[in-house]
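Colleague: Here the sequence shown is numbered in UniProt numbering, starting from 1 and rising by one per residue.
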Amino acid sequence: MYFATKYWPPIRSFTALDYANAFFGFTVKFPMSYQFWFIRDLMVMVVLSPLIYLLLKRRAVAIPFLTIMLALWMTGYWPLVVPGSETLLFFIAGCYIASKNMDPTRPDPWIVPLGVGFGSLLLLVDVLMITTQTNPEVLRLIVNSMMLFGLPFAWGLTKWAVDRPKWRSPLERLAEASFFVYAAHEPLLSILRKVSFRLIQPHSTVSELLLFFLVPIAVIVFLVAVYTILNRALPRFTAVITGAEGRQWRAKESQGNPAQAGSPKTEGGEAVTLRPSLETESMSR
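Rendered as structure tokens:
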């Protein structure tokens with residue numbers, strides 16, 4: 001808790017607002033469990049979704065609004081604490097893509113250029129941070145540009161892997177642990193990163209870059225192992241803390257309500273049970 005609490009006053013002197021900020025982060029960017037800022041912002045976006053729907057109905061309004069949001073996010077000019085500019089931009093962009101029936105998982109012709117662009121910008125950021133005193137504004141522009149390349153590249157890479165049978169089954173099993181990994185990766189990742197850099201003390205760009213990737217991979221492997229053990233030893237408890245209990249309940253409700261679940265497709269007069277795709281399950285999480 002050191003990484004979270006060192007910026008907070010002692011609990012004995014907490015006011016009502018301090019408690020609210022510790023749980024939700026109303027007037028500060030991050031709650032005490034700071035990795036959950038995304039969940040908090042997502043809750044706010046769900047509340048705002050009716051307004052977003054009305055906004056996206058008109059293309060003449062939606063495109064300029066998204067352009068303005070992109071500019072604000074790229075430059076860092078954003079007056080609100082909640083929601084963050086990145087949350088608003090990408091949530092609305094996702095809603096717009098869905099409303100136009102676009103498929104963000106198939107940038108096949110562009111996956112190599114996107115990967116090259118992402119890798120080049122990542123290397124540039126690493127070199128600049130090590131060798132020069134880069135202006136924070138310039139660094140933000142480069143990092144955000146890297147994210148614009150990396151997001152569709154990750155979508156395309158995931159789709160490429162899922163389309164291959166030998167990859168699909170392991171990825172489906174790993175997807176079950178995705179929320180647990182997200183919820184538990186901090187402060188573990190920050191602690192291991194600080195400790196590893198202190199112990200290894202990398203002196204080159206290559207070693208810095210390797211450590212940058214190896215530490216998160218080690219954390220993911222460890223947390224997937226913890227999730228697997230928990231799921232086998234305490235399946236009900238694990239389902240509750242990861243939200244799987246709610247998904248299972250909704251699935252049972254849908255199966256028991258034909259009007260909600262929709263009519264099953266038939267082939268040769270036999271009903272065919274449709275299994276949600278990995279992409280749909282992952283996006284719902």
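Every residue, glycine too, gets a C-beta built ideally from N, C-alpha and C.
Look at the alpha carbon of Ser196 and the alpha carbon of Thr158, and state the distance between them as a whole number of angstroms.
Modeller: Sequence index remark: in the sequence shown, residue 196 carries index 196 (1-based). Sequence index remark: in the sequence shown, residue 158 carries index 158 (1-based). For Ser196 and Thr158, the distance between alpha carbons rounds to 29 Å.
Colleague: Can you tell me the Cα-Cα spacing of Pro79 and Thr27, whole angstroms?
Modeller: Counting from one through the sequence shown, the residue named residue 79 turns up at place 79. Counting from one through the sequence shown, the residue named residue 27 turns up at place 27. Looking at the two C-alpha atoms, the distance is approximately 12 Å.
Colleague: Could you check what DSSP says for Gln133 in three-state terms: helix, strand or coil?
Modeller: Stepping through the sequence shown from its first residue, residue 133 is reached at position 133. Gln133: coil per DSSP, three-state reduction.
Colleague: Count the other CB atoms within 10 Å of the CB of Val219; is the residue buried (16 or more) or exposed (fewer)?
Modeller: Taking the sequence shown and counting its residues from 1, one reaches residue 219 at position 219. With 16 or more other Cβ atoms within 10 Å, it is buried.
Colleague: So, helix, strand or coil for Gln201, using DSSP?
Modeller: Translated into the one-based positions of the sequence shown, residue 201 becomes position 201. Correct three-state label for Gln201: coil.
Colleague: Look at the alpha carbon of Arg236 and the alpha carbon of Pro64, and state the distance between them as a whole number of angstroms.
Modeller: Along the sequence shown, read from residue 1 onward, the residue named residue 236 stands at position 236. Along the sequence shown, read from residue 1 onward, the residue named residue 64 stands at position 64. Near 47 Å, if we compare the C-alpha coordinates of Pro64 and Arg236.
Colleague: Which same chain residues end up closer than 8 Å to Val125 when comparing Cβ atoms and leaving out the 5 residues on each side of it in sequence?
Modeller: The residue given as residue 125 occupies position 125 in the sequence shown. Cβ neighbours of Val125 beyond the five flanking positions: Leu139, Ile142, Val143 and Met146.
Colleague: Going along the chain, which unbroken runs of the alpha helix (DSSP H) with 4 or more residues stay wholly within the region 211 to 243?
Modeller: Fully enclosed alpha helix (DSSP H) runs of 4 or longer: 235 to 242.
Colleague: Let me make sure I understand the geometry here. Which of Tyr182, Ala177 and Asn101 has the alpha-carbon closest to that of Arg232?
Modeller: Here residue 232 corresponds to residue number 232 of the sequence shown, with the count starting at 1. Nearest of Tyr182, Ala177 and Asn101 to Arg232, Cα basis: Ala177.
Colleague: Is the region 48 to 67 close to the region 111 to 129, with three or more CB pairs under 8 Å?
Modeller: As far as the Cβ criterion goes, the region 48 to 67 does not touch the region 111 to 129, which means the pair count is below three.
Colleague: Suppose you measure from the CA of Gly119 to the CA of Tyr53; what does that come to, to the nearest Å?
Modeller: Position 119 of the sequence shown, counted from the first residue, corresponds to residue 119. Position 53 of the sequence shown, counted from the first residue, corresponds to residue 53. Straight-line Cα distance between these residues: approximately 35 Å.
Colleague: Find the nearest neighbour of Ser85 within the set Val44, Trp110 and Leu56, judged by alpha-carbon distance.
Modeller: The residue labelled residue 85 in the question sits at position 85 within the sequence shown. If we check each option's Cα against that of Ser85, Val44 comes out closest.
Colleague: Would you kindly work out how many angstroms separate the C-alpha atoms of Leu189 and Val226, rounded to a whole number?
Modeller: The count along the sequence shown starts at 1 and reaches residue 189 at position 189. The count along the sequence shown starts at 1 and reaches residue 226 at position 226. Approximately 15 Å between the Cα atoms of the pair.
Colleague: Considering only their Cβ atoms, is the gap separating Ile92 from Ile66 smaller than 9 Å?
Modeller: Indexing the sequence shown from 1 puts residue 66 at position 66. Indexing the sequence shown from 1 puts residue 92 at position 92. Correcting the residue type first, residue 66 is Leu in the shown sequence and not Ile. A contact, by the Cβ cut-off of 9 Å.
Colleague: What is the rounded straight-line gap between the Cα of residue 331 and the Cα of Tyr96?
Modeller: Lying outside 1 to 285, the shown extent of the chain, residue 331 is not represented and no answer is given.
Colleague: In or out: Leu89 buried (at least 16 other Cβ within 10 Å) or exposed?
Modeller: The count along the sequence shown starts at 1 and reaches residue 89 at position 89. By the 10 Å Cβ count, Leu89 comes out buried.
Colleague: Can you tell me where the alpha helix (DSSP H) holding Arg168 begins and where it ends?
Modeller: Indexing the sequence shown from 1 puts residue 168 at position 168. Element bounds for Arg168: Pro165 to Ala175.
Colleague: Could you check which residue in Tyr77, Arg198, Met69 and Pro50 has the C-alpha nearest to that of Glu137?
Modeller: Along the sequence shown, read from residue 1 onward, the residue named residue 137 stands at position 137. The residue with the shortest Cα to Cα distance from Glu137 is Tyr77.
Colleague: What three-state label does DSSP hand Thr27 in the structure shown?
Modeller: The count along the sequence shown starts at 1 and reaches residue 27 at position 27. Correct three-state label for Thr27: coil.
Colleague: How close, in whole Å, do the beta carbons of Val215 and Leu192 come, if the pair is a contact with beta carbons under 8 Å?
Modeller: Stepping through the sequence shown from its first residue, residue 215 is reached at position 215. Stepping through the sequence shown from its first residue, residue 192 is reached at position 192. Sure, about 5 Å apart at Cβ, within 8 Å.
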